[in-house]
Amino acid sequence: MSEHGTWRRVSREGRRFLRGRTRTLRRLALWSLLESAHTFLGGYAVARALDDGFLAGRTGTGLGWLAVAGVGALLGALALRGVFGGLADLVEPLRDGLVRRSVRQAIGRAVADPARESRAGDSGAVSRLTQQTEMARDSFAGLVLIARSFVFTALGALLGLAALAPVLLVLVLPALLLGTAAFLATLRPMARVQRAALDADEALSARTGELAAGLRDVVACGGGASAGAGIELLIAEQERLTGRLARWTALRTLALGVAGRLPVVVLLAGTPWLLGRGVSAGAVAGALTYLVQSLLPALDALMTAVGAAGTRLLVVLDRFCDAEPAPRPNSEPLAGDPGPVPAPPAPPAPPAPAAPAVELQRVRFAYGPRAHPVIDDLDLVVRPGEHLAVVGPSGIGKSTLTALIAGLLPPGRGTVRVAGAPACGAPGRAAPGYGPDVRRTLLPQQAYVFTGTVRENLTHLCPGPVSRGEVERATAVLGADALVARLGGPDAAVDPGRLTPGERQHLALAAAYLSPAPLLLLDEATCHLDPRSEERAERALAERPGTLVVVAHRISSAVRADRVLVLDGTRAVCGTHAELPARSPLYRDLVGLWNAQG
């Protein structure tokens with residue numbers, strides 16, 4: 002998109018954001034008027050102290066005017082205190098909105114291309130969610146604070162110069178405008194370079210993420226040199242762009258020097274001419290006070306902020322202004338279009354047999370084209386309503402199997418189907434756009450709990466509203482009701498950092514119980530619970546309508562399951578707990594080890 006288009010798009014989004022916060026802006030403006038009064042009194046009181054006080058031989062009058070200037074300084078401090086309170090109400094909602102938009106964009110890319118996202122992830126989204134949101138917040142806060150200060154400081158200073166002697170403006174304004182014009186000429190080129198620098202940063206982040214995911218295989222296959230060459234090119238590009246930014250920064254510094262120093266030189270050089278036209282010495286001193294203490298520092302701060310934070314903010318916000326997809330089904334009629342004439346109803350067909358809950362056919366998966374396969378030639382059928390336990394030694398591929406069923410990893414060969422549809426895809430979305438995949442829910446070992454209410458943590462997997470009775474029933478069945486009560490009830494706030502791993506797992510299991518997904522995948526999701534709590538949770542989830550697949554870490558989990566899948570690295574054996582000791586030496590060893598530990 003062109004720079005003009007970028008500015009127009011960011012400007013439109015910015016106006017929409019500010020329109021919703023007019024009350025905060027009015028409060029900022031009212032506090033800033035005190036800053037204008039402080040600036041006006043600073044120079045005007047100095048002029049009066051000289052002309053009406055010290056130069057006229059009235060020391061008391063001079064000291065009185067200096068006291069007035071001191072009162073103005075107190076007003077400025079009071080204004081700054083109020084400004085910071087209003088600034089927080091403006092800046093934090095911006096950051097929260099950018100975080101939400103970044104997450105929606107990442108989900109949208111994953112929906113559009115799940116295979117690509119499952120292989121490499123959206124590392125650019127990580128940069129937007131962390132570095133760029135913080136960059137936008139800091140840049141926006143600094144820009145608002147400094148731009149507001151400049152506007153109201155300049156208002157007070159210019160009013161003061163006009164009050165002292167209007168001819169002072171004739172000397173000061175041309176030099177100010179010249180330096181400002183030179184500064185503005187550097188903004189667009191710097192924005193282009195900063196945009197390219199952010200592109201290079203995202204590319205480097207994405208490439209580094211891809212290499213990190215397959216680093217073991219890269220090293221094993223001897224591909225370190227070729228993989229590192231691509232990284233070196235991206236680093237060199239960042240170095241080149243940093244040099245260009247430094248050169249433009251030097252030009253901007255020159256423009257700042259013209260705007261910030263030339264007016265003082267002009268005023269001092271023109272002092273004899275001003276005195277000859279009847280301008281008092283106090284007025285000249287007051288004008289110099291306005292320039293040195295108020296106007297030029299504010300202008301210098303504004304140019305620095307706009308040149309650095311402003312152009313950076315424009316480039317960063319452009320990352321978050323991408324149009325979010327809102328697909329409309331092809332069958333949706335346009336306004337005024339009656340749509341196709343409905344066909345007469347067909348006679349009812351006999352019910353088709355239910356598709357397997359999970360079906361794997363000759364599935365092979367390896368973390369890299371030359372890596373040893375983790376899953377090799379696996380066939381598996383899990384019937385609807387079945388409870389399957391997956392066992393095997395650490396690192397054998399249990400989590401990889403659940404990721405394949407969850408659609409997080411595409412198989413290298415073979416097919417993985419969930420409820421008759423490919424696992425990697427989006428046919429199970431709750432509604433057009435974004436939302437949970439209602440076909441399945443995966444609970445990893447590290448339970449996901451976010452900052453919000455207890456109810457939000459329990460119902461975030463549900464596409465629709467959940468009644469209070471349903472929430473209470475789920476927590477009671479899973480034995481999490483005492484935890485919810487201790488946290489303060491369903492509407493209490495949750496701080497994930499204050500929860501133990503077991504408490505987080507309890508909340509995540511209750512969320513899975515409330516989920517409408519007919520397939521639940523538990524990848525050691527109860528490992529932080531005691532055996533009794535684990536048994537209660539697994540029995541509750543197994544009695545819930547649907548299919549349950551559990552990666553087991555205790556023999557009791559395998560005993561409770563309808564069938565057990567044993568992964569041993571060379572072949573997979575599936576059967577009941579009673580059958581497997583005779584069919585699988587590995588399972589026999591695992592049972593003996595578990596019993597010895599129990």
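Heads up: the sequence shown begins at 2 in this note's numbering, then just goes up one per residue.
Even for Gly, the Cβ is constructed at its ideal location relative to N, Cα and C.
Inset, instruction - Measure the C-alpha to C-alpha separation of residue 569 and residue 390 and round it to an integer number of angstroms. - result: What you label residue 569 is simply residue 568 of the sequence shown in a count that begins at 1. What you label residue 390 is simply residue 389 of the sequence shown in a count that begins at 1. Each residue's alpha carbon lies about 14 Å from the other.
Inset, instruction - Please look up how many angstroms separate the CB atoms of residue 460 and residue 467, rounded, as I've assumed it's under 8 Å. - result: Here residue 460 refers to the residue found at position 459 of the sequence shown. Here residue 467 refers to the residue found at position 466 of the sequence shown. Rounded, the Cβ-Cβ distance is 4 Å, consistent with contact.
Inset, instruction - Please go through the same chain and pick out, in chain order, the residues whose beta-carbon is closer than 6 Å to the beta-carbon of residue 62, but skip the five residues on each side of it. - result: Working through the sequence shown from its first residue, we reach residue 62 at position 61. Excluding sequence neighbours, residue 62 sits near 53 and 54.
Inset, instruction - Whole angstroms is fine: what's the gap from residue 144's alpha carbon to residue 278's? - result: Here residue 144 refers to the residue found at position 143 of the sequence shown. Here residue 278 refers to the residue found at position 277 of the sequence shown. Rounded to whole angstroms, the gap between the alpha carbons of residue 144 and residue 278 is 40 Å.
Inset, instruction - Report the residue from 446, 585 and 543 whose alpha carbon sits nearest the alpha carbon of residue 524. - result: Looking up residue 524 in the sequence shown gives position 523. Nearest C-alpha to residue 524 among 446, 585 and 543: 446.
Inset, instruction - Could you give the DSSP three-state label for residue 415: helix, strand or coil? - result: Walking along the sequence shown from the start, residue 415 turns up at place 414. Here residue 415 sits in strand by DSSP.
Inset, instruction - Taking residue 25 as the reference, give the member of 84, 60 and 35 with the closest Cα. - result: Counted from its first residue, the sequence shown places residue 25 at position 24. The alpha carbon of residue 25 has as its nearest neighbour, out of 84, 60 and 35, the alpha carbon of 84.
Inset, instruction - Figure out for me which residue from 293, 545 and 540 has the closest Cα to the Cα of residue 515. - result: Position 514 of the sequence shown, counted from the start, is the residue given in the question as residue 515. Nearest neighbour of residue 515 by Cα position, chosen from 293, 545 and 540, turns out to be 545.
Legend entry - Reduced DSSP secondary structure (H/G/I, E/B, other) of residue 421: Residue mapping note: residue 421 aligns to position 420 of the sequence shown, counting from 1. Looking at residue 421 - three-state DSSP - the assignment turns out to be coil, as it is neither helix nor strand.
Inset, instruction - Name, in chain order, the residues that DSSP records as bridge partners for residue 451. - result: Numbered from its first residue, the sequence shown carries residue 451 at position 450. Note: residue 451 sits in no beta bridge, so no partner.
Legend entry - C-alpha gap between residue 547 and residue 443, whole angstroms: On the sequence shown, residue 547 is found 546 positions in, with the first residue counted as 1. On the sequence shown, residue 443 is found 442 positions in, with the first residue counted as 1. The alpha-carbon atoms of residue 547 and residue 443 are separated by roughly 14 Å.
Legend entry - Same chain, Cβ closer than 8 Å to residue 179, five either side skipped, listed in chain order: Your numbering for residue 179 matches position 178 in the sequence shown. By the criterion of a C-beta distance shorter than 8 Å, residue 179 is surrounded in its chain by 259, 260 and 263, once the five residues flanking it on both sides are discounted.
Legend entry - residue 17 burial status per 10 Å Cβ neighbour count (16 or more: buried): Taking the first residue of the sequence shown as 1, we reach residue 17 at position 16. Burial call: exposed.
Inset, instruction - Rounded to whole angstroms, what's the CA-CA distance from residue 387 to residue 508? Just pull it up for me. - result: Counting from one through the sequence shown, the residue named residue 387 turns up at place 386. Counting from one through the sequence shown, the residue named residue 508 turns up at place 507. When rounded, the distance between both Cα atoms is 24 Å.
Inset, instruction - Indicate the three-state DSSP secondary structure (helix, strand or coil) for residue 275 in the structure shown. - result: By one-based count along the sequence shown, residue 275 stands at place 274. Residue 275: helix per DSSP, three-state reduction.
Legend entry - Sub-8 Å separation of residue 417 and residue 440 beta-carbons: Translated into positions along the sequence shown, residue 417 becomes position 416. Translated into positions along the sequence shown, residue 440 becomes position 439. Contact: no.
Legend entry - With 16 other Cβ atoms within 10 Å as the buried cut-off, status of residue 77: Indexing the sequence shown from 1 puts residue 77 at position 76. Residue 77 should be labelled buried.
Legend entry - Cβ-Cβ distance between residue 69 and residue 42 below 8 Å: As a position in the sequence shown, residue 69 is number 68, starting the count at 1. As a position in the sequence shown, residue 42 is number 41, starting the count at 1. Contact flag set, yes.
Inset, instruction - Go ahead and label residue 512 buried or exposed: buried means 16 or more other beta carbons lie within 10 angstroms of its beta carbon, across all protein chains shown. - result: Residue mapping note: residue 512 aligns to position 511 of the sequence shown, counting from 1. Per the 10 Å Cβ criterion, buried.
Legend entry - Contiguous beta strand (DSSP E) assignments of at least 3 residues, all confined to the segment 484-537: The segment 484-537 contains these whole beta strand (DSSP E) runs: 520-524.
Legend entry - Short Cβ contact (8 Å threshold) for residue 285 with residue 297: Within the sequence shown, the letter at position 284 stands for residue 285. Within the sequence shown, the letter at position 296 stands for residue 297. Cβ atoms of residue 285 and residue 297: not closer than 8 Å.
Legend entry - Local conformation of residue 388 per DSSP, three classes: Position 387 of the sequence shown holds residue 388. It is a strand residue.
Inset, instruction - Specify whether the segment 530-541 and the segment 356-374 touch according to this definition: at least 3 beta carbon pairs, one from each stretch, less than 8 Å apart. - result: Contact fails: fewer than three Cβ-Cβ distances are below 8 Å.
Inset, instruction - Could you give the DSSP three-state label for residue 25: helix, strand or coil? - result: Locating residue 25 in the sequence shown gives position 24, where the first residue counts as 1. The three-state secondary structure of residue 25, taken from DSSP, is helix.
Inset, instruction - Spell out the partners DSSP gives residue 575 in its beta bridges. - result: Taking the sequence shown and counting its residues from 1, the one referred to as residue 575 is at position 574. Checking the DSSP bridge columns, you'll see residue 575 partnered with 566.
Inset, instruction - Taking 8 Å as the cut-off, decide whether the C-beta atoms of residue 164 and residue 45 are in contact. - result: Residue numbering aside, residue 164 sits at position 163 when the sequence shown is read from its first letter. Residue numbering aside, residue 45 sits at position 44 when the sequence shown is read from its first letter. Result yes, Cβ atoms of residue 164 and residue 45 sit closer than 8 Å.
Legend entry - Exposure of residue 233, with buried meaning 16 or more beta-carbon neighbours within 10 Å: What you label residue 233 is simply residue 232 of the sequence shown in a count that begins at 1. Burial call: exposed.
Inset, instruction - Take the Cβ of residue 382 as the centre, count every other Cβ of all protein chains shown within 10 Å, and call the residue buried at 16 or more, exposed below. - result: Looking up residue 382 in the sequence shown gives position 381. Taking all protein chains shown into account, residue 382 has fewer than 16 neighbouring C-beta atoms within 10 Å of its C-beta and is therefore exposed.
Inset, instruction - Please list, in chain order, all residues of the same chain as residue 172 whose beta carbon is under 7 Å from its beta carbon, the five residues on each side excluded. - result: On the sequence shown, position 171 is the one that residue 172 refers to. The residues are 267, 268 and 271.
Legend entry - Between the CA atoms of residue 229 and residue 91 - distance to the nearest angstrom: Mapped onto the sequence shown, residue 91 falls at position 90. Mapped onto the sequence shown, residue 229 falls at position 228. Those two C-alpha atoms are separated by around 43 Å.
Inset, instruction - State yes or no: is the C-beta of residue 555 within less than 8 Å of the C-beta of residue 586? - result: Position 554 of the sequence shown, counted from the first residue, corresponds to residue 555. Position 585 of the sequence shown, counted from the first residue, corresponds to residue 586. No, the Cβ-Cβ distance between residue 555 and residue 586 is not below 8 Å.
Inset, instruction - Hey, could you find the ends of the alpha helix (DSSP H) residue 478 is sitting in? - result: Indexing the sequence shown from 1 puts residue 478 at position 477. Run containing residue 478: 469-478, per the alpha helix (DSSP H) assignment.
Inset, instruction - Indicate whether residue 31 and residue 151 have their beta-carbon atoms separated by less than 8 Å. - result: The residue labelled residue 31 in the question sits at position 30 within the sequence shown. The residue labelled residue 151 in the question sits at position 150 within the sequence shown. No; because the gap between Cβ atoms is not below 8 Å, this pair is not in contact.
Inset, instruction - Within its chain, find whatever has a CB closer than 7 Å to the CB of residue 553; leave out the 5 residues flanking it on each side and keep chain order. - result: Walking along the sequence shown from the start, residue 553 turns up at place 552. If you ignore the 5 residues before and after residue 553, its C-beta comes within less than 7 Å of the C-beta of 390, 391, 392 and 559, all in its own chain and listed in chain order.
Inset, instruction - Output yes or no for whether 8 Å exceeds the beta carbon distance between residue 201 and residue 170. - result: Locating residue 201 in the sequence shown gives position 200, where the first residue counts as 1. Locating residue 170 in the sequence shown gives position 169, where the first residue counts as 1. Contact: no.
Inset, instruction - Could you check what DSSP says for residue 446 in three-state terms: helix, strand or coil? - result: Your numbering for residue 446 matches position 445 in the sequence shown. DSSP places residue 446 in the coil class of the three-state scheme, outside both helix and strand.
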